[in-house]
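Worksheet: one structure, shown below.
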Amino acid sequence: MTRVPVPDALETDRLVLRRRRVEEAGFFRRLWTERDPRVPPHRRIDLEGRPSVADIAAQIRAEATESSPGILAVERKGTGDVIGCCGLVHHGNGPPGEPELAFELLRATHGRGYATEAGRAVVAWAGEAGHPRVWAGVRDWNQASRRVLAKLGFRETGEVERDPVHGDNLLTVREL
């Protein structure tokens with residue numbers, strides 16, 4: 737696979753997707769506080785308050801040395817306000833060597849097409865980078881994210897990670 741350089745930013749009509757900044761760690765922790773209580777505990781703030789702002793800042797510092805784009809800040813053009821994140825992650829839950837699309841936006845910005853717009857830019861970059869496909873896991877109860885993935889051309893594979901407590905995790909894929 738031929739790799740294309742990681743761009744400084746991905747731009748859409750309304751958004752700029754760029755590397756996250758350490759000084760934005762507080763914002764990214766805020767996203768954690770808005771998560772649905774059905775989200776598994778390892779993706780929510782724990783009883784000790786972790787991840788803390790310092791934990792997230794350390795993660796952002798570590799990302800600065802990575803060659804892949806990772807999770808990018810989603811910023812509205814014109815205002816410069818960060819409304820969420822979107823990007824590609826490689827954490828081994830999907831097919832080996834294939835990136836997962838991940839996105840999360842402030843609840844106040846839901847329903848305006850930002851997740852679809854950001855996801856479209858990241859999926860296009862993944863194709864330019866030579867990835868043959870991208871996958872995404874989504875909880876069966878998360879209808880909004882399932883709609884975004886469908887708009888982006890992802891299809892549900894029928895593969896399901898059963899979870900009676902937090903909702904089944906559905907595997908979706910998008911051929912590029």
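Under this note's numbering, the first residue of the sequence shown is numbered 737, with each subsequent residue one higher. The C-beta atom is built at its ideal place from N, Cα and C for all residues, glycine as well. As the structure is a prediction and not an experimental result, all values here were calculated from the model.
query	result
With the cut-off set at 8 Å, would you say glycine 855 and cysteine 822 are in Cβ contact?	yes
What does the alpha-carbon distance come out to for the pair glutamine 795 and proline 900?	31 Å
Distance check for tryptophan 871 and threonine 908, CA to CA, integer angstroms please.	6 Å
Select from Pro776, Ala761, Thr748 and Ala790 the residue whose C-alpha is nearest the C-alpha of tryptophan 877.	Pro776
In chain order, what residues of the same chain have a beta carbon less than 8 Å from the beta carbon of glycine 863, not counting five sequence neighbours either side?	Leu912
Can you tell which of Phe839, Arg910, Glu834 and Leu767 has the C-alpha that lies nearest to the C-alpha of alanine 886?	Arg910
Taking just the CA atoms, how far does glycine 849 sit from glutamate 895?	27 Å
How many Å lie between phenylalanine 818 and valine 758 at the Cα?	With the sequence shown as reference, residue 818 is identified as valine, and phenylalanine is not the correct amino acid for it. So the alpha carbons of these two residues sit roughly 13 Å apart.
Quick check: the Cα distance between histidine 867 and serine 788, rounded to an integer number of angstroms?	33 Å
For glutamate 747, list the residues DSSP reports as bridge partners.	Val752
Taking just the CA atoms, how far does valine 884 sit from alanine 838?	11 Å
Is the beta carbon of glutamate 853 less than 8 Å from the beta carbon of arginine 756?	no
Can you tell me where the beta strand (DSSP E) holding phenylalanine 890 begins and where it ends?	Here phenylalanine 890 belongs to no beta strand (DSSP E), and DSSP marks it neither H nor E.
Ignoring anything shorter than 3 residues, give me the beta strand (DSSP E) runs that lie fully in the segment 842-883, in order along the chain.	869-875
Alpha carbon to alpha carbon, how far is threonine 815 from threonine 738? Give it in angstroms, no decimals.	Because the pLDDT at threonine 738 is just 48, under 50, the model does not fix this residue reliably, and the point stays unresolved.
How far does the beta strand (DSSP E) with threonine 908 in it extend, from its first residue to its last?	905-911
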